[in-house]
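> Before we start, here is the structure in question, set down as structure tokens.
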Amino acid sequence: MTPVGAQGLGSAGPAKLTDGYILSFATLRGLSGAIDIGVEEAPCFSPERAAALVGGATGSVEFDAHMIDHGKTYTIEKNGFYVSFATTDETYRCVKAIHLWPSDKKAP
């Protein structure tokens with residue numbers, strides 16, 4: 001990882017995990033304590049599987065100001081952290097990003 005901003009660290013992928021999934025990037029934000037992780041679409045990591053792992057995350061479709069679909073975002077708060085993950089646009093089939101941040105901080 002390399003320095004990003006005042007106190008952050010970042011890494012560009014791809015990085016293949018032992019289970020075959022591929023991370024496209026990772027960022028640790030020093031000031032907020034947030035962690036952002038990009039996930040490649042192939043192989044597809046299903047949002048249903050991700051929701052089961054974090055136990056009870058609920059999803060909602062995200063539209064921008066022009067009503068363009070930007071996928072579903074699932075969020076849950078547990079053990080002092082928010083966990084949020086976003087799916088692929090329009091199909092909602094695969095997780096494309098994971099975000100974690102402390103509950104006592106605003107969403108990054």
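Going by full-length UniProt numbering, the first residue of the sequence shown is number 1, and it counts up by one from there. Think of the CB as a built atom: it goes at the ideal place given N, C-alpha and C, for glycine as much as any other residue.
Am I right that residue 34 and residue 11 are in contact with their C-beta atoms under 8 Å? What's the rounded C-beta distance?
Not a contact, Cβ separation roughly 15 Å.
> For residue 15, does the three-state DSSP call read helix, strand or coil?
Of the three classes helix, strand and coil, the one that applies to residue 15 here is strand, per DSSP.
> Taking its Cβ as the centre, do 16 or more other Cβ atoms sit within 10 Å of residue 58, making it buried, or is it exposed?
So residue 58 counts as exposed.
> Check each candidate in 16, 36, 14 and name the one with the smallest Cα separation from residue 4.
Of 16, 36, 14, the residue nearest in Cα terms is 36.
> For residue 103, count neighbouring C-beta atoms within 10 Å of its own C-beta (all shown protein chains included) and say buried if the count is 16 or more, exposed if not.
That one is exposed.
> Would you check if there are 3 or more beta carbon pairs closer than 8 Å linking the stretch 94-102 to the stretch 44-56?
The answer is yes - the stretch 44-56 touches the stretch 94-102, with three or more Cβ pairs under 8 Å.
> Using DSSP with H/G/I as helix, E/B as strand and the rest coil, what is residue 53?
Residue 53 falls in the helix class under three-state DSSP.
> For residue 80, which residues of its own chain have a beta-carbon under 7 Å away from its beta-carbon, when the five flanking residues on both sides are left out?
Excluding sequence neighbours, residue 80 sits near 102, 103.
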